[in-house]
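See below for the structure under consideration.
In mature numbering (1 follows the signal peptide of the UniProt record, and there is no 0), the protein residues as written are -21 to -1, 1 to 326.
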């Protein structure tokens, strides 16, 4: 009798232990309200998740709502594990698709949700740039001359849960976002805009979804050579500063030549060689590229840039600068802009 009771007790213990060890899934966070364009998280909680292998997540393929990344952000808290996906709201109510979770040999289904979406109301004085984020930082900024009347401003931005792709600063001549990268909640990008040269600074705001308020940011738009020298030069035309360097090198070369002729010191000869070599590098003719007829000349080196004009006929122009897949050129009548690599002559 005792062996039978012990066997039953052991069997019940195994069943109880197995039941306790099973992982269950449920939503731990789904927002109750959204703004149009907002990037937001949806988090699934797995209880007693002790296995290292993550489950397979399958959102309803018939739904138009897709996560921004297929792989979730994973966090462990004790025996519980959290899987976070990020979505972006449109202008209509957001329909979170039903989710099927395949964990080893078991399948779970989480229901769909409808989340109300409203349009964020911003007053003109808020100067709202269109970005909704939980955090927004300008890592670096740079200003260079664009033409006689305008400056080109570059901002390197890092934000969390942000729709940077919708960024548009009010009051600028032209603007666009490039090099957009998203990893989990973190998103980074480079924003370019053109602004009149007589404007020293510009203020705009983003909406902080956590604080639920507009946060103003001020950026200097005045041109300083030290800024350009320290970062990427997006408009390297032959400015007065460059001419000054040429004249200074010529004067130094003449000075070192005279000193060498007087003292016959090799030190002055060495300095003369260096200054002449620098002059040669400055005066080397710029490389020319062949541009096809009808090629668009973009205002900025970004995919969202407006076309300033078009190349009327096949031509060869000096390259002022290269940035990624774009070439900086000066067209007729002093018009400057960027040509895509795809618009070069094929033969």
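C-beta atoms are modelled at their ideal positions from N, C-alpha and C, and glycine is treated no differently.
message = For a minimum of 3 consecutive residues, which ranges assigned as the beta strand (DSSP E) are wholly contained in the stretch 270 to 319?
response = 275 to 277, 286 to 289, 294 to 302, 305 to 309, 315 to 319
inquiry  = Considering only heavy atoms of the ligand NAP, does any lie closer than 6 Å to the CB of residue 75?
reply    = The ligand NAP is absent from the structure shown, which contains no ligand whatsoever.
task = Determine the DSSP secondary structure at residue 125, reduced to helix, strand or coil.
result = coil
query = Would a C-beta distance cut-off of 7 Å place residue 269 and residue 245 closer than the cut-off?
reply = no
ask   = If you draw a straight line from the C-alpha of residue 79 to the C-alpha of residue 36, how long is it?
value = 6 Å
message = Taking 8 Å as the limit between beta carbons, can you name the residues of its chain near residue 298, skipping five residues before and five after?
response = 265, 266, 267, 268, 306, 307, 308
key: Integer-rounded CB distance, given that residue 68 should sit under 8 Å from residue 17   = 5 Å
ask   = In this structure, does DSSP put residue 45 in helix, strand or coil?
value = coil
query = With residue 173 and residue 235 assumed to form a contact (beta carbons below 8 Å), what rounded beta-carbon distance in angstroms separates them?
reply = Wrong, their Cβ atoms sit about 42 Å apart, outside the cutoff.
query = Exposed or buried, which one is residue 228 when buried takes at least 16 other CB atoms within 10 Å?
reply = buried
query = Roughly how many whole angstroms lie between the Cα atoms of residue -20 and residue 4?
reply = In this prediction, residue -20 has a pLDDT of 47, which is less than 50 and means its spatial position is unreliable; what the coordinates show is noted afterwards. So the two alpha carbons sit approximately 40 Å from each other.
request  = Out of 134, 179, 82, point me to the one whose CA is closest to residue 120's CA.
outcome  = 134
query = Counting Cβ pairs, one atom from each stretch, are 3 or more of them under 8 Å apart for the stretch 150 to 169 and the stretch 80 to 91?
reply = no
key: Cβ-Cβ separation, residue 314 to residue 274 (assumed contact under 8 Å), whole Å   = Contact flag wrong, Cβ pair sits at about 13 Å.
query = Thinking C-beta only, is residue 28 closer than 7 Å to residue 74?
reply = no
task = Mark residue 72 as exposed unless 16 or more other C-beta atoms lie within 10 angstroms of its C-beta, in which case mark it buried.
result = exposed
message = Can you tell me whether residue 326 is buried or exposed? The criterion is at least 16 other CB atoms within 10 Å of its CB, across all chains shown.
response = exposed
request  = Flag this pair as yes or no: are the beta carbons of residue 322 and residue 243 separated by less than 7 Å?
outcome  = no
query = Ordered along the chain, which non-local residues of its own chain (more than five positions away) have a Cβ less than 8 Å from that of residue 147?
reply = 108, 109, 154
ask   = Helix, strand or coil: which one does DSSP assign to residue 147?
value = coil
task = Please classify residue 244: does DSSP put it in a helix, a strand, or coil?
result = coil
request  = Please look up how many angstroms separate the CB atoms of residue 117 and residue 198, rounded, as I've assumed it's under 8 Å.
outcome  = 7 Å
ask   = When you compare each of 10, 279, 141 to residue 47 by their alpha carbons, which one comes out closest?
value = 141
message = Give me, in chain order, the residues of the same chain whose beta-carbon lies closer than 8 Å to that of residue 316; leave out the 5 immediate sequence neighbours on both sides.
response = 276, 277, 278, 287, 288, 307, 308, 310
ask   = Taking the alpha carbon of residue 13 as the point to measure from, which residue in 96, 70, 281, 256 has its own alpha carbon closest?
value = 96
query = What are the partner residues of residue 190, as DSSP defines its beta bridges?
reply = DSSP lists no partner for residue 190.
task = Mind checking which residues open and close the beta strand (DSSP E) that includes residue 142?
result = Counting along the chain, residue 142 falls outside any beta strand (DSSP E), and DSSP gives it neither H nor E.
ask   = Do the CB positions of residue 122 and residue 182 come within less than 7 Å of each other?
value = no
ask   = For residue 283, which of 195, 251, 194, 169 has the nearest alpha-carbon?
value = 169
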